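Beneath this line is the structure, given in structure tokens, with notes to follow.
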Amino acid sequence: MKFNARVTPSPSLSRRSWIVPVISTFFGILIRMWHDDHPPPHIHVEYQGFEALVEIETGEIKVGKLPRKVARIVREWCFEHRGELRENYSVPSDQ
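Structure (structure tokens):
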């Protein structure tokens, strides 16, 4: 399953953040991913003013902060979608 990406500009985020495609939203959580971004493979997560970089393989927050419950939900989501996330991370954006 490929995620449908859409670009959503947000004035509250850095210029780099708003061009990162949204691949999923649930419970008010936005998941963004830029293919072939810097290692390790990761997603960008936003939730009610919180932002974090979350590693795909472990589901752990590497940079930033999320509320504990949201971090747990995102970690579980990463585990459930790990294969798809790995695949999307390595696919060029023009495909």
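Numbering of the sequence shown is given in this note's numbering, commencing with residue -13 and proceeding in unit increments. Heads up, the beta-carbon is just placed ideally off N, CA and C, and yes, glycines get one too. If you're wondering where the values come from, they're calculated on a predicted model, not measured in any experiment.
Are residue i and residue j touching if we call contact CB-CB under 8 Å?
i          : j          : result
residue 71 : residue 5  : no
residue 38 : residue 55 : no
residue 21 : residue 75 : yes
residue 27 : residue 42 : yes
residue 60 : residue 40 : yes
Start and end of the alpha helix (DSSP H) containing residue i?
i          : result
residue 67 : 54 to 76
Classify residue i: buried if its beta carbon has 16 or more other beta carbons within 10 angstroms, exposed otherwise.
i          : result
residue 49 : exposed
residue 63 : buried
For the beta strand (DSSP E) containing residue i, list its first residue and its last residue.
i          : result
residue 43 : Element bounds for residue 43: n/a, residue is neither H nor E.
residue 51 : Element bounds for residue 51: n/a, residue is neither H nor E.
Taking the alpha carbon of residue i as the point to measure from, which residue in the options has its own alpha carbon closest?
i          : options       : result
residue 68 : 57, 11 and 44 : 44
- Could you tell me whether the stretch 14 to 21 touches the stretch 30 to 40, where touching means 3 or more Cβ pairs closer than 8 Å? yes
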